[in-house]
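Residue numbers (my numbering): 75 to 223.
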């Protein structure tokens with residue numbers, strides 16, 4: 075089911091034309107993207123491919139692969155950035171987006187105020203603070219290679 079006005083549904087409708095940052099990896103249930111409004115390179119989003127808005131709405135097949143995706147992404151980010159900690163969060167409060175999980179590397183040199191929930195100060199930053207599309211695409215290609223190795 076595609077819902078008009080849903081960003082995630084629009085992205086799915088253009089699946090074959092997505093840039094690397096919007097299609098780092100996928101399976102029939104999940105798609106991995108780089109957050110578009112983040113000031114932190116490596117802020118990934120694991121999103122459902124079908125129109126699902128609530129965790130309890132996941133079907134058994136989606137549930138069966140959710141944890142594996144989260145661990146695979148944490149490992150890939152750890153390899154890429156040398157991090158020993160990855161945050162995973164889900165709130166689902168933004169209209170127009172499917173249920174999604176933030177998968178965020180906690181960089182070693184991160185200021186204490188930015189750790190834990192403070193990490194979200196990197197999200198929703200001004201245009202000039204956001205990671206460029208080029209940098210997100212470059213990282214996406216490297217992570218895609220790690221995830222398929």
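C-beta: ideal position from N, C-alpha, C; glycine also. All values derive from a computational prediction rather than experimental measurement.
Asked, Found
"If I follow the unbroken alpha helix (DSSP H) through residue 146, where does it start and stop?", "134–155"
"Between 170, 171, 182, which has its C-alpha nearest residue 158's C-alpha?", "182"
"Assign residue 160 to one of two classes, buried (16 or more other C-beta atoms within 10 Å of its C-beta) or exposed (fewer than that).", "buried"
"Between residue 132 and the rest of its own chain, which residues show a CB-CB distance below 8 Å, the 5 nearest in sequence each way excluded?", "122, 126, 140, 173"
"Given a cut-off of 7 Å, decide if residue 106 and residue 114 are closer than it, judged by their beta-carbon atoms.", "no"
"Which full runs of the beta strand (DSSP E) of 3+ residues lie inside the region 94–139, going along the chain?", "104–108, 118–122"
"Cβ atoms of residue 164 and residue 171: under 7 Å apart, would you say?", "no"
"Under 7 Å, do residue 211 and residue 124 count as touching if we go by C-beta distance?", "no"
"What do you get for residue 89, buried or exposed, if any count of 16 or more other CB atoms within 10 angstroms of its CB means buried?", "exposed"
"Counting C-beta neighbours from all protein chains within 10 Å, is the total for residue 116 16 or more, i.e. buried, or is it exposed?", "buried"
"Going along the chain, which residues of its own chain have a beta-carbon closer than 8 Å to the beta-carbon of residue 204, five neighbours each way excluded?", "110, 111, 112, 113"
"Could you pull out every residue in the same chain whose Cβ sits closer than 7 Å to the Cβ of residue 214, ignoring the five residues on either side in sequence?", "94, 95, 98, 108"
"Any idea which residues DSSP pairs residue 168 with across the strands?", "According to DSSP, residue 168 bridges with nothing at all."
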